[in-house]
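Chain order of the listed sequences is A and B.
FYI, our numbering numbers position 108 of the first sequence as 175, with every residue one higher than the one before it.
FYI, our numbering numbers position 328 of the second sequence as 637, with every residue one higher than the one before it.
For every residue, glycine included, the Cβ atom is placed at its ideal position computed from N, Cα and C.
Note that this is a predicted model, so its numbers are computed, not measured.
Scroll down for the structure; my scribbles are underneath it.
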Amino acid sequence: MDDTKLNTILDKHHRDPAELLAILMDIQAVENYLPKDDMKQVAKELKIPFSKVYSMATFFATFSLEPRGKHICTVCMGTACHVRGAARLVDQVQRDFEVEAGGTTDDMFLTLETVNCVGACALGPLMIVDGEYHGNMDAGKLDRVLRKLKKQDAKE
Amino acid sequence: MARIDSVSELEKYRAQLVAHRDPERKAISVCTSGCIAYGADKLVDAFRQGLKARGLDDKVDVKTTGCHGFCERGPLVVIHPGNLFYQRVQPGDVDEILDETIEKGENIDRLMFHLDDGTVMACEDDVPFYKNQKRLLLKDNSSLDPYSIDDYIALGGYGALGKVLAGMKPDEVVTTVKDSGLRGRGGGGFPTGVKWESCRNAPSDDGVRYIICNADEGDPGAFMDRALLEGNPHAVIEGMIIGAFAIGHPGKPQGYVYVRNEYPIAVERLGVALEQAREKGLLGDDILGSGLSFDIRINKGGGAFVCGESTALMASIEGDVGEPRAKHIHTVEAGLWDKPTNLNNVESWANVPLILDRGVEWFTAIGTGDVRGNPWGGSKGTKIFALVGKVNNTGLVEVPMGTTLREIIYDIGGGIKDGKEFKAVQTGGPSGGCLPADKLDLPVDFDELTKVGSMMGSGGMIVMDEDTCMVDVARYFLHFLADESCGKCITCREGLVQLCSIVDRICEGNGKPEDLELLDELSETVSEASLCALGQTAPNPLRSTMKYFREEYEEHINEKKCRGGVCKSLITYSINDKCTGCLICKKKCPQQCISGEKDKLHVIDQSNCIKCGVCMDVCKYDAVDVN
Ligand SMILES: Cc1cc2nc3c(=O)[nH]c(=O)nc-3n(C[C@H](O)[C@H](O)[C@H](O)COP(=O)(O)O)c2cc1C
Ligand code: SF4
Ligand code: SF4
Ligand code: SF4
Ligand code: FES
């Protein structure tokens, strides 16, 4: 991230170390992950140790320290989704794309993430693909969603 | 409209709003909370475009509302006036709704709710799912536009605040909340008024006191707080302003809402609501001319369950990682930045305006026990539950405290999905437990659930059927908690990992008979020696399943059997003679280990099967069994 952009984010949060979490979220919103150089820069600008920035970035599940893929597929692993077979959905994406949960495919096509509930538990199992929510998932539906994604990409 | 400067002006403003409202004005309310997962946003677009095309866009309102409750039947639409209830509405239905219902006033039978015997239920209130509830907090969710403070004010909103500011002293408000018997809805059930009193009485050298709303809603499988914030954010804000007056006035009360990052719509709606409240002078300096100054900021969480714990939450607001601290000194005395701090859950705050508006007597008439002179003496008011899992009518349910599990799961929830057998209900989230069928007649309140080894928690209620493996459920929670442990105490950090590995090996068929004793022993250590409630309650799901479903553990260990058909190492899939030879499973099997010809019985090659369950999922003829 260039300095101007970073400074805009820092200024928005009054360069207040208490707002570190929000600052890191804003950086991730732009970069799709937390680049190490940006974290270092944040530490320098806020005059806090890098270790503090790093511990924040590793403590919270929302942050990714690695670049993420073009598409992000998030499977809910909350209790309601679990009892309705969420683990099978994760397995299926893992098999289909040869990617581990939390990882990204080698071609940077897709990142598979899990989340502990997104608050639509009545429609479980639930997954979010690029921000779009899909409820009551099963193997067949998942297949359709992922195939659509691949097709859409082949077209581009 | 500019600032409202006094309580009498507020009442005048409300009267004006009501007078100018046409009671016959049509409005279409679309749930855009959970129903988003059914594509409700596309439905809203379709309604807006359709109205525009008909030149009706300034005559009919489209409201994007919070969760109406009956998620199972979403996307949900309610048409006003008359509360006409349409379910499973698709964008393709929109033209018909506009032509028939909006323009001609005709009901569309296909979209209405039908009982099994065919009886049509036109209004929300007639549908058994709603009829058997007592919706005090959620009742406005299907008519209120959360983006409009005027909607809230027209329905009487901020009236309780007006009443408080015009005629009550702060300690009278505290006493009222105490007498109401309101107990914290975040899980612990601590009497809210008692907490307020301690915080009010705690010394603060510069008069600063923090008023915080806990909207971290970490219980996976629960979405009550989301529904309130997205459906009726002003109710929560009003509760907090009343709290600020009661606890921090005169002085410098300051407010925070800590919302989980996974709720972007809640963050947005709350932000809009706060801005509107500021414009009206309901937040900021000299609220309604009373001298009270108070404002609220939003802090977003970062996806850590432990941040819902009070001290961790405060550490997170201060800009640290969310690690709990020991509570030798209570947070009401020294919480956020070492100032007296009062933290309450979203639903607790939302109850406050109701209590102040309708009075102690009204509130204490709902619920269990007797709280006169003893705020611990019962559980008063209603509680919202997220009724989910293997139940027919999934959704949000609000019932009086003391309603039995059976009434919730069967009368409201419509029983178990697909005619299966009930096995257990999980309440209290990762700190709670699983209760078996013989506890179904238990009245649900704070004390009853604790007595049987579960807890009320924040309101997640996950129904499990015969296809659920209780060992797997315990394993699920243990892994969840091991992941979410902040790592500060060794018993929680390492103890949970050990519990996981023992339960893992039981699920994999390598359990030993002495494992059960080991689990007991280790559970005790973890709960006794951990610092915060995450660790202290972490063994609860394990303990309750070991207590009520011990035979399943024994089967896993001794017979290498998983009766729920869940634990992969202990099951096999096979095809029965219902197979029509449709070829689907053969095509979909990732291992290509199903053989068979068209119209002939198919067979699974067990040596290559990875037990992914895809064949069972895709078979339309119920021909795949799991043993
Ligand atoms: C690990 C852990 C997670 C918690 N998560 C939440 C939560 O998500 N929401 C909540 O309101 N309370 C949560 N609590 C309870 C809070 O610590 C606190 O008791 C509550 O917010 C107080 O509000 P109440 O008295 O209105 O319930 C959690 C507690 C623990 C130990
Ligand atoms: S009990 Fe667990 S979550 Fe709580 S402080 Fe200790 S390690 Fe952290
Ligand atoms: S999907 Fe079912 S019916 Fe079709 S071939 Fe497979 S087992 Fe037989
Ligand atoms: S469980 Fe999976 S691998 Fe085994 S037969 Fe069925 S589809 Fe194939
Ligand atoms: S458990 Fe999956 S959305 Fe809540």
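Neighbour list for residue i in chain A, Cβ cutoff strictly below 8 Å
i, result
"Ser625 (chain B)", "Leu88"
"Pro562 (chain B)", "Ordered by position in chain A, no residue passes the 8 Å Cβ test against Pro562 (chain B), which lies about 19 Å from the chain."
"Arg535 (chain B)", "Gly186"
Cut-off 8 Å between Cβ atoms - residues of its own chain near residue i, not counting five sequence neighbours on either side
i, result
"Leu828 (chain B)", "Leu808, Ile811, Val812, Leu851, Met855"
"Asn957 (chain B)", "Outside the modelled stretch of chain B, which goes from 310 to 936, sits residue 957 (chain B), for which no answer is possible."
"Ile313 (chain B)", "Leu319, Tyr322, Lys589, Gly590, Leu591, Leu597"
Presumed contact (8 Å Cβ cut-off) between residue i and residue j, rounded CB distance
i, j, result
"Lys895 (chain B)", "Gly818 (chain B)", "The pair is not a contact, with the Cβ atoms about 28 Å apart (cut-off 8 Å)."
"Asp677 (chain B)", "Gly687 (chain B)", "In the sequence on display, residue 677 (chain B) carries Thr and not Asp. That belief holds up - the Cβ atoms of Thr677 (chain B) and Gly687 (chain B) are roughly 5 Å apart, short of 8 Å."
"Gln901 (chain B)", "Cys918 (chain B)", "11 Å between Cβ atoms; not a contact."
"Cys798 (chain B)", "Val875 (chain B)", "Not a contact, Cβ separation roughly 31 Å."
"Cys340 (chain B)", "Gly383 (chain B)", "6 Å"
"Ser489 (chain B)", "Ile664 (chain B)", "5 Å"
Residue i CB to nearest heavy atom of ligand 5 below 6 Å
i, result
"Val185 (chain A)", "yes"
"Ala128 (chain A)", "no"
"Cys344 (chain B)", "no"
"Cys340 (chain B)", "no"
"Gly686 (chain B)", "no"
"Leu209 (chain A)", "no"
"Ala147 (chain A)", "yes"
Close beta carbons around residue i, own chain, < 6 Å, minus the five adjacent residues each side
i, result
"Cys508 (chain B)", "Ile556, Val641, Pro649, Asn651"
"Ile771 (chain B)", "Gly530, Val697, Gly698, Gln735"
"Cys380 (chain B)", "Gly343, Thr703, Gly704"
"Arg357 (chain B)", "Val371"
"Ser904 (chain B)", "Val912"
"Val517 (chain B)", "Lys561, Lys648"
"Ala168 (chain A)", "Val157, Leu179, Thr181"
"Val150 (chain A)", "none"
Ligand 2 heavy atom lying under 6 Å from the CB of residue i
i, result
"Pro390 (chain B)", "no"
"Ser794 (chain B)", "yes"
"Val615 (chain B)", "yes"
Neighbourhood of residue i by C-beta distance below 7 Å, restricted to the same chain and skipping five residues each side
i, result
"Val545 (chain B)", "Cys522, Leu537, Leu538, Val655, Trp658, Ala659"
"Gln845 (chain B)", "Ser836, Ser839"
"Tyr200 (chain A)", "Ala187, Leu193"
"Pro542 (chain B)", "Pro455, Arg578, Leu579, Ala582"
"Ala635 (chain B)", "Leu840"
"Ser883 (chain B)", "Ile913, Asp934, Asn936"
7 Å Cβ cut-off: residues of chain A touching residue i
i, result
"Asn523 (chain B)", "By Cβ distance, chain A contributes nothing, its closest Cβ being about 15 Å from Asn523 (chain B), past 7 Å."
"Val630 (chain B)", "Ser122, Met123, Phe126"
Contact test: residue i Cβ vs ligand 4 heavy atom, cutoff 6 Å
i, result
"Cys921 (chain B)", "yes"
"Ile884 (chain B)", "no"
"Ile458 (chain B)", "no"
Cβ-heavy atom distance, residue i to ligand 1, below 6 Å
i, result
"Ser262 (chain B)", "Because chain B spans 310 through 936 in this model, residue 262 (chain B) falls outside it and cannot be assessed."
"Ala842 (chain B)", "yes"
"Phe438 (chain B)", "no"
"Asp514 (chain B)", "no"
"Thr176 (chain A)", "According to the sequence provided, residue 176 (chain A) is Phe. The question's Thr does not apply to it. The answer is no for Phe176 (chain A)."
Closer than 9 Å at the beta carbon, the chain A residues around residue i
i, result
"Cys340 (chain B)", "Neighbours of Cys340 (chain B) on chain A: none; closest Cβ ~11 Å, over 9 Å."
"Gln442 (chain B)", "Residues of chain A passing the Cβ test: none, with the nearest at roughly 15 Å."
Proximal chain B residues relative to residue i, where beta-carbon distance stays under 7 Å
i, result
"Tyr200 (chain A)", "Ile345, Ala346"
"Asp197 (chain A)", "Here the premise fails: no neighbours, minimum Cβ distance about 14 Å."
"Thr178 (chain A)", "Neighbours of Thr178 (chain A) on chain B: none; closest Cβ ~15 Å, over 7 Å."
Within chain B, partners of residue i - CB distance below 8 Å
i, result
"Leu190 (chain A)", "Gly343, Ala346, Tyr347, Cys380, Gly383, Thr703"
"Asp158 (chain A)", "Cys921"
"Phe130 (chain A)", "Gly611"
Neighbour list for residue i in chain B, Cβ cutoff strictly below 9 Å
i, result
"Asp104 (chain A)", "Per Cβ cutoff of 9 Å: no residues; Asp104 (chain A) is ~21 Å from chain B at best."
Any non-hydrogen atom of ligand 3 closer than 6 Å to residue i Cβ
i, result
"Cys522 (chain B)", "no"
"Val933 (chain B)", "yes"
"Tyr930 (chain B)", "yes"
(message) I'd like to know if the stretch 858-869 of chain B and the stretch 915-929 of chain B are in contact, where contact means that at least 3 CB-CB pairs between them fall below 8 Å.
(response) no
(request) Count the CB pairs spanning the stretch 154-167 of chain A and the stretch 908-924 of chain B that are closer than 8 Å, and state whether there are at least three. (result) yes
(message) So, does the stretch 76-88 of chain A touch the stretch 110-122 of chain A, judging by three or more C-beta pairs under 8 Å?
(response) yes
(request) Could you tell me whether the stretch 568-576 of chain B touches the stretch 493-512 of chain B, where touching means 3 or more Cβ pairs closer than 8 Å? (result) no
(message) Under 8 Å, with one C-beta from each stretch per pair, do the stretch 706-725 of chain B and the stretch 202-221 of chain A reach the 3-pair mark?
(response) no
(request) Inspect the CB distances between the stretch 172-181 of chain A and the stretch 127-143 of chain A and report whether three or more fall short of 8 Å. (result) yes
(message) Does the stretch 781-791 of chain B come into contact with the stretch 704-719 of chain B, if we say contact requires no fewer than three beta-carbon pairs (one atom in each stretch) closer than 8 Å?
(response) no
(message) Whether or not the stretch 409-423 of chain B and the stretch 379-397 of chain B are in contact is what I'm after, with contact meaning three or more pairs of Cβ atoms, one per stretch, closer than 8 Å; do they touch?
(response) yes
(request) Taking 8 Å as the threshold, find out whether the stretch 467-475 of chain B comes into contact with the stretch 546-554 of chain B through three or more Cβ pairs. (result) yes
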